[in-house]
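Participant: Below: one structure in structure tokens.
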Amino acid sequence: MNVPETQKSFGRDGSEFPNPLPRPKDELQKLKRAWEPPRGLSFITAVNNTYVGQWYVGTAFLFFVLAGILSLIMRAQLAAPESDLVSHSLYNQLFTMHGTVMMFLFAVPAVEAASVYLLPNMQAARDLPFPRLSAYAFWAYFVGGLVFFTTIFFGLAPNSGWFMYPPLSSLKYSPADNADWWLLGIGFIEISAIAGAIEIIVGVMKTRAVGMSLDKMPIYSWAMLVFAAMIIVGFPAIILGTLLLELERAFDWPFFIAERGGDPLLWQHLFWFFGHPEVYIIFIPATGMVSMIVPAMAQTPLVGYRFIVLALVATGFLSFGLWVHHMFATGLPKMSLSFFSAASTAVAVPSGIQVFAWIATIASGRMNLTTPSLFIIGFLFIFTLGGLTGVMVAMAPFDWQAHDTYFIVAHLHYVLIGGMVFPLFAAFYYWVPVASTRALSECVGRWVFGLMFVGVNVTFFPMHITGLIGMPRRVYTYPVGMGWDELNLISTVGAFMIAAGVALFIYDMIRNFRPTLDDNAGNVWNAGTLEWLPNSNYGTRTIPVVKSREPLWDQPGLADDVDAGRYYLPGTVTGGRETLVTSPFDARPQYILQVPGPGWQPFLAAVFTAAFFLLLTVKAVILSAICGVLALGFVIWWLWETDLGPIRPPADIGGGLTVPVYVTGSMNHSWWAMIALMVVCGMIFTCLVFSYLFLWLVNPASWPPSGTVMPGFLPGSTAGGLYVASAILVAVASRHLRGDDRRSPSSVPLLLAGAVVLLATGSTLDLWTHWQTALSPSAHAYGAAVYGIIAFQILFVGTSVIMGLYTIARWLAGKLDSVRRATFDNTMLFWYYTVGQGTAGLLVVYGFPKLVGGA
Amino acid sequence: MTRRRFWQVFMMLCGFIIWAVQFTLIYGATSTTCALEVAETRLLGIGIVPAVIAAVTLAAFLCTAGVLTYALREHRRLQSGNAGVTDIFLSQAAILISAFSIAAIVWQGLPALILPACA
Ligand code: HEM
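Line order of the protein sequences matches chains A and B.
The working numbering applies: residue 340 is where the first sequence begins, and numbers increase by one.
The working numbering applies: residue 310 is where the second sequence begins, and numbers increase by one.
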């Protein structure tokens, strides 16, 4: 690879560009052919970001409308006192579904979806690095989400509030399947969100335009990077929480049942360790959008780029120190509460920094009052108000007064609608010209804004007062004469104004949104970033070299040069889909990533994964297992077609650069994805150990409960020894698989087979040992916690075993050698992780009770 | 990612990592001592909880101040040579983040001076 340390600069003189003109005649044709979308019914097998991104955004918007309709029904019910439009039990389902759908099926997917569409365009990549993964994440969400929503029509919808607190959501008080729908449905949709986040991290770090070093990365990319990092750290907590609660409901493992040593507060910790960052997870991408739109509207670069990066990173960290502020009323020690109070007020600082940076940008340019600008101004106003009430409720004593009243409903809607919905609408009006032949109507847009802005304030402002004068949240009706009647009526009128605004927006979309691949409306706002380059299904014709944050402003003629084929990679060098991978910091070309194309596998894998979870909810265990196996089968089939190896020698991409079409090790994109996945797994495990320790603190005197037989050290250390031995075998196999000569020694499958046996034996031994001591998972929280750790390890051992066997199969099929070894590397990383986790688990289970002197 | 880059990113995020460690330690110490009912223990006349919080906060403060000093020196060094833009950017980010973290760390430790441990 001959990649220069510093980028050449290119002038207007054609000879200085990486590729000379005229380009060979069939070059563009070949590129187009490689990226041709599938036709007919197989259209749904499209995987590239232009399609999946738009479907994804559309589906998220559909859920916004559906959850919005639920809120209108609630508002209609609350318009007058003692109304009987909906029953008590339906109301419970309505607010639970509204909150859940808005948070999990609209807000997070919407911002993730927008980035699937926008990120590659903004970074001049041809696609995201794992398009099939995005397609899988989308379809899983689409099918799972819609089925989940239909439960409301059958009275089966979850009804314990969007945060599902036990004991209300436990089997005793919610014996029907409603809660299971939430636990399995939402737990599963979180997995889809995590898949998307991993894709985003790798996409931002590795597929940027040449020269787009960290300091030139669009703020939106920074925001999405922080967003994705927060997802992989925060979402594991809720995944674990839902797992534990489902284990309790299905098998009576008493994690949250106080009589048997459990503690409902554990759920609150797990939920809010995810739940509060979740709010910022929703907000941060929205601020990223705002930071892109404001400069374009003011026609001047963003003020305080570095400070905004600081603010994003700061929010990412601090937001993990806030979770207990949702638990101020639970009786925790005041000192503990105050830590969270401190962090809750501190987190307002980075948000403030961003607000000031936007205002400074607006002030330093000349803001055009377009529809996107109006939505931004609306955002600033509404979000700031929500932020102010946020600082109020961050004070524990105030919160004790406002807790569970309409004051909170007002606060949360001000921040969520201000912080996310308004920026999203700004984004729709701003970015539609990238995807459509026509922009949306400015005139209709102003009405949409006006109705929504006035509507939101009319709906939610009075709720502050209703709350302060005592109206609790989540009540299906209220008696006459409490002084709440007029305020509620006003709120209902406001809600219908918002609905009118949204309906008008849909009308505007129907009238003007005409999706296109090659013929978009163009750079209508004279913006400076790369998504406004001429593009198609393959992204931009060539991958440009950028020298500033607003290349379109600073590099005259860039659009024409990119489109004429003057920059890097003007065609396809492998004949298939590909994108250029650049180094994570300086964005120097590294290699060509062969991007997988359309296929039924991700679609079918997603449908069967969804079916697996949904059927499990209704306890159709056998059918569900069949679907699980099918899903796994399709995933394996899909993976089988990847990891193509160096199908051709390093290729010339222009400018004297020759880059390989395949790399392995830490440069490889799937290596990065694997590391991100391991962070996710590590976080789930950390939360599990936290749960174990938390339950110990609840039962310090009975850990383990008296009468428990503790296994000796021998079985534990043997299991650990087997784990470590299996890792050693994998390491040896890795050594045998080195060299440039494409060797493929037969010791590799043998060593892997040995490792499979050792690993499986280790975890079986662990389980068997505990079973022999007659420890019951349902008698006490101690047993539940121990078996929780063991079961989690078995899950990982099972996955490692499948990966090991898969890698052996690749060897048998001649698809694995010392150069083509990305599959092996992935298995190896996962293996090491499993062994590490297993060893840590053994230390906790065998060692901790001894350490605290309980046994 | 080269070792140098890894170090730069680590230094950039270091302030917040220290904040996170401080947060975990002081929250963990308070919860554990309160749950085990040993929070009333006194060391040299100071309650164990405020003592731990003060010690952890001081340590976190000193570490972050060290990171800030390092980042400032590194920045000056880079600016005098002909370092790449990414290096300069990362060192600037390290300065901003560690300065911000110092404030966050002090703020985080303040409650220990005011409130009783387990009430
Ligand atoms: C667009 C107009 C909206 C209206 C009219 C509306 C209305 C409502 C109403 C009436 C409730 C139930 C209050 C109660 O009985 O306690 C509620 C709860 C809630 N809403 Fe909205 N909402 C809107 C938008 C949103 C958005 C955009 C989000 C999130 C992104 C959201 C998230 C929530 C949550 C999390 C709850 C709490 C649910 C629970 O108590 O379990 N809402 N909303």
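Yeah, the Cβ is synthetic: ideal placement off N, Cα and C, and Gly gets one too.
Run the CB neighbour count on Q368/A, radius 10 Å, all protein chains shown included, and call it buried at 16 or more, exposed below.
Facilitator: The count along the first sequence starts at 1 and reaches residue 368/A at position 29. Exposed, because fewer than 16 other Cβ atoms sit within 10 Å of the Cβ of Q368/A.
Participant: Residues of chain A with CB closer than 9 angstroms to the CB of S340/B, please, in chain order.
Facilitator: Here residue 340/B refers to the residue found at position 31 of the second sequence. Near S340/B (Cβ distances below 9 angstroms), the residues of chain A are L671, P672, S675, F1033 and L1036.
Participant: Measuring from the CB of I808/A, is there a heavy atom of the ligand HEM at a distance below 6 angstroms?
Facilitator: Within the first sequence, numbered from 1, the residue matching residue 808/A stands at position 469. No; taking the cut-off as 6 angstroms, the Cβ of I808/A has no heavy atom of the ligand HEM nearer than that.
Participant: Who are the Cβ neighbours of V1136/A in its own chain at under 8 angstroms, not counting the five residues just before and after it?
Facilitator: Here residue 1136/A refers to the residue found at position 797 of the first sequence. The answer, listed in chain order, is L1098, A1099, G1101, S1102, T1173 and G1177.
Participant: Give the single residue among I397/B, L424/B, T366/B and A421/B whose Cα lies nearest to the Cα of I411/B.
Facilitator: For this step, residue 411/B is matched to residue 102 along the second sequence. Here the closest residue by C-alpha is T366/B.
Participant: Closer than 7 angstroms, CB to CB, is L579/A near chain B or not?
Facilitator: Position 240 of the first sequence, counted from the first residue, corresponds to residue 579/A. Closer than 7 angstroms: no.
Participant: Checking 7 angstroms against the spacing of the C-beta atoms, do A1072/A and L1090/A come in under that value?
Facilitator: The sequence position of residue 1072/A within the first sequence is 733, counting from 1. The sequence position of residue 1090/A within the first sequence is 751, counting from 1. L1090/A is positioned such that its CB atom lies closer than 7 angstroms to that of A1072/A.
Participant: By the three-class DSSP mapping on this structure, what secondary structure does T1226/A have?
Facilitator: Nothing in the structure corresponds to residue 1226/A, since chain A is present only between 340 and 1194.
Participant: What's the C-alpha gap between L1155/A and N1165/A?
Facilitator: Residue 1155/A sits at position 816 when you count from the first residue of the first sequence. Residue 1165/A sits at position 826 when you count from the first residue of the first sequence. If I take the Cα positions, the gap works out to 12 angstroms.
Participant: Do the region 664 to 678 of chain A and the region 632 to 644 of chain A meet, that is, are 3 or more Cβ pairs less than 8 angstroms apart?
Facilitator: Fewer than three beta-carbon pairs drawn from the region 664 to 678 of chain A and the region 632 to 644 of chain A are found closer than 8 angstroms, and the two stretches are therefore not classed as touching.
Participant: According to DSSP, D902/A sits in a beta bridge with which residue or residues?
Facilitator: Residue 902/A sits at position 563 when you count from the first residue of the first sequence. BP columns for D902/A are empty, so no partner.
Participant: If we require 3 or more residues per run, which beta strand (DSSP E) segments fall completely within the region 364 to 411 of chain B?
Facilitator: none
Participant: Buried or exposed: P359/A, going by 16 or more other Cβ atoms within 10 Å of its Cβ?
Facilitator: As a working note, residue 359/A is residue 20 in the first sequence. Exposed.
Participant: Is there contact between the region 1133 to 1151 of chain A and the region 329 to 349 of chain B, where contact requires at least three CB pairs shorter than 8 angstroms?
Facilitator: Short answer: they don't touch.
Participant: So, is P736/A buried or exposed, given that buried needs 16 or more other C-beta atoms within 10 angstroms?
Facilitator: Counted from its first residue, the first sequence places residue 736/A at position 397. P736/A should be labelled exposed.
Participant: In angstroms, rounded to a whole number, what distance separates the CA positions of L891/A and T868/A?
Facilitator: Position 552 of the first sequence holds residue 891/A. Position 529 of the first sequence holds residue 868/A. One C-alpha to the other measures close to 6 angstroms.
Participant: Considering only heavy atoms of the ligand HEM, does any lie closer than 6 angstroms to the CB of M821/A?
Facilitator: The sequence position of residue 821/A within the first sequence is 482, counting from 1. Answer for M821/A: no, Cβ out of range of the ligand HEM.
Participant: Quick one: does the C-beta of W520/A sit closer than 6 angstroms to a heavy atom of the ligand HEM?
Facilitator: Within the first sequence, residue 520/A is the residue found at index 181, counting from 1. For the ligand HEM, not one heavy atom lies less than 6 angstroms from the Cβ of W520/A.
Participant: The ligand HEM and R372/A: does the residue's C-beta get closer than 6 angstroms to at least one heavy atom of that ligand?
Facilitator: For this step, residue 372/A is matched to residue 33 along the first sequence. R372/A Cβ: outside cutoff for every heavy atom of the ligand HEM.
Participant: Do F1033/A and L676/A count as a contact pair if the criterion is CB distance below 7 angstroms?
Facilitator: For the purposes of this step, residue 676/A is identified with residue 337 of the first sequence, where counting begins at 1. For the purposes of this step, residue 1033/A is identified with residue 694 of the first sequence, where counting begins at 1. Contact: no.
Participant: Between M340/A and chain B, is the shortest Cβ-Cβ distance under 7 angstroms, so that the two count as touching?
Facilitator: On the first sequence, residue 340/A is found 1 positions in, with the first residue counted as 1. Because M340/A carries a pLDDT of 40, less than 50, the predicted location of this residue cannot be relied on, and no value is offered for it.
Participant: Helix, strand or coil for L467/A per DSSP?
Facilitator: Position 128 of the first sequence, counted from the start, is the residue given in the question as residue 467/A. Coil at L467/A, not helix or strand.
Participant: Apart from the five residues on each side of it in sequence, which residues of its chain come closer than 6 angstroms, Cβ to Cβ, to M320/B?
Facilitator: As a working mapping, residue 320/B is identified with position 11 in the second sequence. Excluding residues within five positions, the ones whose Cβ falls inside 6 angstroms are A403.
Participant: Given a cut-off of 7 angstroms, decide if V901/A and R916/A are closer than it, judged by their beta-carbon atoms.
Facilitator: By one-based count along the first sequence, residue 916/A stands at place 577. By one-based count along the first sequence, residue 901/A stands at place 562. Contact: no.
Participant: Just tell me which of L1168/A, T626/A, W976/A and W374/A has its CA closest to the CA of L755/A.
Facilitator: Here residue 755/A refers to the residue found at position 416 of the first sequence. Taking only the C-alpha atoms, the option nearest L755/A is T626/A.
Participant: Check this for me: beta carbons of R465/A and T918/A, under 7 angstroms apart or not?
Facilitator: Translated into the one-based positions of the first sequence, residue 465/A becomes position 126. Translated into the one-based positions of the first sequence, residue 918/A becomes position 579. Yes; because the gap between Cβ atoms is below 7 angstroms, this pair is in contact.
Participant: Under 8 angstroms between beta-carbons, which chain B residues line up against P1039/A? List them in chain order, please.
Facilitator: Translated into positions along the first sequence, residue 1039/A becomes position 700. Those are A344 and L345, listed as they occur along chain B.
Participant: Hey, is R588/A's beta-carbon within less than 7 angstroms of any beta-carbon in chain B?
Facilitator: Locating residue 588/A in the first sequence gives position 249, where the first residue counts as 1. R588/A does not count as touching chain B.
Participant: Sort G438/A, L790/A, T798/A and L932/A by Cα distance to G984/A and report the nearest one.
Facilitator: Position 645 of the first sequence, counting from 1, holds the residue named residue 984/A. Residue L932/A is the option with its Cα nearest to G984/A.
Participant: Fully enclosed by the region 703 to 746 of chain A, which alpha helix (DSSP H) runs are 4 residues long or longer?
Facilitator: Counting whole runs of 4 or more residues, the region 703 to 746 of chain A contains the alpha helix (DSSP H) stretches 710 to 732 and 735 to 741.
Participant: From S1056/A to P1116/A, what distance separates their C-alpha atoms?
Facilitator: Reading the first sequence from its first residue, position 717 is the one you call residue 1056/A. Reading the first sequence from its first residue, position 777 is the one you call residue 1116/A. So the alpha carbons of these two residues sit roughly 22 angstroms apart.
Participant: By how many angstroms is the C-alpha of S922/A removed from the C-alpha of G353/A?
Facilitator: Your numbering for residue 353/A matches position 14 in the first sequence. Your numbering for residue 922/A matches position 583 in the first sequence. Note on G353/A: pLDDT 48, under 50, position unreliable in the model; the coordinate value appears next. Going from the Cα of G353/A to the Cα of S922/A covers about 26 angstroms.
Participant: Please report the straight-line C-alpha distance between E344/A and I882/A, rounded to a whole angstrom.
Facilitator: The residue given as residue 344/A occupies position 5 in the first sequence. The residue given as residue 882/A occupies position 543 in the first sequence. With a pLDDT of 46 at E344/A, under the threshold of 50, the modelled position of that residue is not reliable, and the figure given next carries that caveat. One C-alpha to the other measures close to 18 angstroms.
Participant: Taking just the CA atoms, how far does E366/A sit from T913/A?
Facilitator: Here the question's residue 913/A lines up with position 574 in the first sequence. Here the question's residue 366/A lines up with position 27 in the first sequence. Roughly 12 angstroms separates the two Cα atoms.
Participant: Would DSSP call M340/A helix, strand or coil?
Facilitator: Reading the first sequence from its first residue, position 1 is the one you call residue 340/A. Annotation note: pLDDT 40 at M340/A (below 50); position unreliable, coordinate value reported separately. DSSP places M340/A in coil when its eight states are reduced to three.
Participant: When Cβ atoms are compared, which residues of the region 865 to 896 of chain A fall closer than 9 angstroms to chain B?
Facilitator: none
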